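*Asks:*
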Amino acid sequence: MRIATWNINSITARLPRLTQWLETAQPDVLCLQELKVSEEAFPGDELRALGYESVVNAGGRWNGAAVLSRVGVEDPATALPEAPGYEGVVEARAAGATCGGVRVWSVYVPNGREVGHPHYEYKLEWLAALRATAEKSAGGPQPFAILGDFNIAPADADVWDLAEFEGATHVTQREREALAALEGAGLKDIYPRPLKYDVPFTYWDYRQLCFPKNRGMRIDLVYGDEAFGAAVRDAYVDREARKGKGASDHAPVVVDLDV
DNA sequence: ATGACAGATCAAATCTGA
Numbered sequence: 001m002r003i004a005t006w007n008i009n010s011i012t013a014r015l016p017r018l019t020q021w022l023e024t025a026q027p028d029v030l031c032l033q034e035l036k037v038s039e040e041a042f043p044g045d046e047l048r049a050l051g052y053e054s055v056v057n058a059g060g061r062w063n064g065a066a067v068l069s070r071v072g073v074e075d076p077a078t079a080l081p082e083a084p085g086y087e088g089v090v091e092a093r094a095a096g097a098t099c100g101g102v103r104v105w106s107v108y109v110p111n112g113r114e115v116g117h118p119h120y121e122y123k124l125e126w127l128a129a130l131r132a133t134a135e136k137s138a139g140g141p142q143p144f145a146i147l148g149d150f151n152i153a154p155a156d157a158d159v160w161d162l163a164e165f166e167g168a169t170h171v172t173q174r175e176r177e178a179l180a181a182l183e184g185a186g187l188k189d190i191y192p193r194p195l196k197y198d199v200p201f202t203y204w205d206y207r208q209l210c211f212p213k214n215r216g217m218r219i220d221l222v223y224g225d226e227a228f229g230a231a232v233r234d235a236y237v238d239r240e241a242r243k244g245k246g247a248s249d250h251a252p253v254v255v256d257l258d259v
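So, in structure tokens, the structure goes:
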């Protein structure tokens, strides 16, 4: 089974790219983030024509997460249990489903904006809720994984230049402790292989030639439990999908499982 | 083998992203 995660930065603007990628990469399950679409405008028919059912948590202009599956959908979830809201609104940042016997969550972790900003505290609270879900579901016989845009670089090597991130979000100790908490719940970072260069970055800013210069970050992550990790045969970042005009600023992370 | 932000929004300037 092939499972992938991709921050698509608007499923509307990216639909031609998405359908093309589905046809070439042939994932069985795809976790999407940053749909930037309303529930009504989600292109469910187009995806169904390609054989994919969708579990959608759409929030309109911002956020949005979905799980696409061509191996069935059981126990769909369109909200993260106990997820905190921001300024009184519970945002569309998670979708879950059991697909072909594997339980997955697609998550779009809050950005945090700046250290000390209320959004930063919101990010940490949101990750605490994610940990609670992980604790309930990880460690069983059924493979379990959380895939998505975590907006955290797990290690210093996961950003192109640490000096550029001094005092910034995505690399702080508290954010990384939240990832460590997921590991405490029995999950492990499924580290993908890069198709080029040494570090498997998954995000490159649109500006300042970041992609050609490989000024990227590894922030799209796959956290799998023991059963999931044991089934992993291969994992890689498909940086080809970041190339050319009309690309998302994130590349898909692809995991092949022996299940 | 890659190119100087992009997307969504009551439509132009602003917000968000990281």
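Per UniProt numbering, the first sequence starts with residue 1, numbered consecutively.
Built from N, CA and C at the ideal position, the CB exists for glycine as well.
All of these numbers come straight from a predicted model, not from anything done at the bench.
For a quick check, are the C-beta atoms of Arg233 and Leu195 less than 8 Å apart?
*Replies:* Here residue 233 refers to the residue found at position 233 when the first sequence is read from its first residue. Here residue 195 refers to the residue found at position 195 when the first sequence is read from its first residue. No, the pair does not count as a contact, with Cβ atoms beyond the cut-off.
*Asks:* Using a Cβ-Cβ cutoff of less than 7 Å, which residues in the same chain neighbour Gly72 once the five nearest sequence positions on both sides are dropped?
*Replies:* Position 72 of the first sequence, counted from the first residue, corresponds to residue 72. Closer than 7 Å at the Cβ level, and outside the excluded window around Gly72, lie Cys99 and Gly100.
*Asks:* Buried or exposed for His117, please, with buried defined as at least 16 other CB atoms from any protein chain shown within 10 angstroms of its CB.
*Replies:* Here residue 117 refers to the residue found at position 117 when the first sequence is read from its first residue. Under this definition His117 is an exposed residue.
*Asks:* Assign Glu121 to one of three DSSP states: helix, strand, or coil.
*Replies:* Stepping through the first sequence from its first residue, residue 121 is reached at position 121. Note: Glu121 maps to helix in three-state DSSP.
*Asks:* Out of Gly148, Val159, Leu187 and Pro154, which has the shortest C-alpha to C-alpha gap to Val253?
*Replies:* Residue numbering aside, residue 253 sits at position 253 when the first sequence is read from its first letter. Selected option, being the one with the closest Cα: Gly148.
*Asks:* Of the residues Phe228, Ser248 and Gly244, which one's Cα is nearest the Cα of Val104?
*Replies:* In the first sequence, residue 104 corresponds to position 104, counting from 1. Checking every option, the nearest Cα to that of Val104 belongs to Phe228.
*Asks:* Rounded to the nearest angstrom, how far is the Cβ of Asp189 from that of Leu221, given a contact under 8 Å?
*Replies:* Taking the first sequence and counting its residues from 1, the one referred to as residue 189 is at position 189. Taking the first sequence and counting its residues from 1, the one referred to as residue 221 is at position 221. Indeed they touch by this definition, with Cβ atoms about 6 Å apart.
*Asks:* Look up Lys136 in the DSSP assignment and say whether it is helix, strand or coil.
*Replies:* Sequence index remark: in the first sequence, residue 136 carries index 136 (1-based). Helix, per DSSP.
*Asks:* List in chain order: all unbroken beta strand (DSSP E) runs of 3+ residues lying wholly within the region 134-184.
*Replies:* As far as the region 134-184 is concerned, its whole beta strand (DSSP E) runs of at least 3 residues are 144-149.
*Asks:* Which residue from Asn63, Pro43, Ala58 and Val67 puts its Cα closest to that of Asp28?
*Replies:* For the purposes of this step, residue 28 is identified with residue 28 of the first sequence, where counting begins at 1. Cα-wise, what sits closest to Asp28 is Val67.
*Asks:* Whole angstroms is fine: what's the gap from Ala145's alpha carbon to Glu166's?
*Replies:* The count along the first sequence starts at 1 and reaches residue 145 at position 145. The count along the first sequence starts at 1 and reaches residue 166 at position 166. About 31 Å.
*Asks:* Short check: CB of Thr172 to CB of Val115, under 8 Å?
*Replies:* Start at 1 with the first residue of the first sequence, and residue 172 comes out as number 172. Start at 1 with the first residue of the first sequence, and residue 115 comes out as number 115. Their beta carbons are under 8 Å apart, which means Thr172 touches Val115 by this criterion.
*Asks:* Just how far apart, CA to CA, sit Val37 and Asn7?
*Replies:* Locating residue 37 in the first sequence gives position 37, counting from the first residue. Locating residue 7 in the first sequence gives position 7, counting from the first residue. Val37 and Asn7: Cα-Cα distance of roughly 13 Å.
*Asks:* For Ser10, which residues of its own chain have a beta-carbon under 6 Å away from its beta-carbon, when the five flanking residues on both sides are left out?
*Replies:* Your numbering for residue 10 matches position 10 in the first sequence. Within the same chain, Ser10 has close Cβ partners Lys36.
*Asks:* What is the C-beta distance between Trp204 and Arg218, in whole angstroms, given that I count them as a contact (C-beta under 8 Å)?
*Replies:* Residue mapping note: residue 204 aligns to position 204 of the first sequence, counting from 1. Residue mapping note: residue 218 aligns to position 218 of the first sequence, counting from 1. Not confirmed; about 11 Å, so no contact.
*Asks:* Measure from the alpha carbon of Ala153 to the alpha carbon of each residue in Pro81, Val199 and Leu257, then state which is nearest.
*Replies:* Position 153 of the first sequence, counted from the first residue, corresponds to residue 153. The shortest C-alpha separation from Ala153 is found at Val199.
*Asks:* Going by beta carbon distance, what residues of the same chain come within less than 6 Å of Ala77, once the five residues before and after it are set aside?
*Replies:* Along the first sequence, read from residue 1 onward, the residue named residue 77 stands at position 77. Closer than 6 Å at the Cβ level, and outside the excluded window around Ala77, lie Gly96.
*Asks:* Using the beta-carbon count (16 or more within 10 Å), is Asp156 buried or exposed?
*Replies:* What you label residue 156 is simply residue 156 of the first sequence in a count that begins at 1. Answer is exposed; the Cβ neighbour count stays below 16.
*Asks:* Could you tell me whether the Cβ atoms of Ala92 and Ala132 are closer together than 8 Å?
*Replies:* The residue you call residue 92 lines up with position 92 of the first sequence. The residue you call residue 132 lines up with position 132 of the first sequence. Contact: no.
*Asks:* May I ask you to list the residues that DSSP assigns as paired with Ala65?
*Replies:* The sequence position of residue 65 within the first sequence is 65, counting from 1. In DSSP, Ala65 forms a bridge with Gln33 and Asn57.
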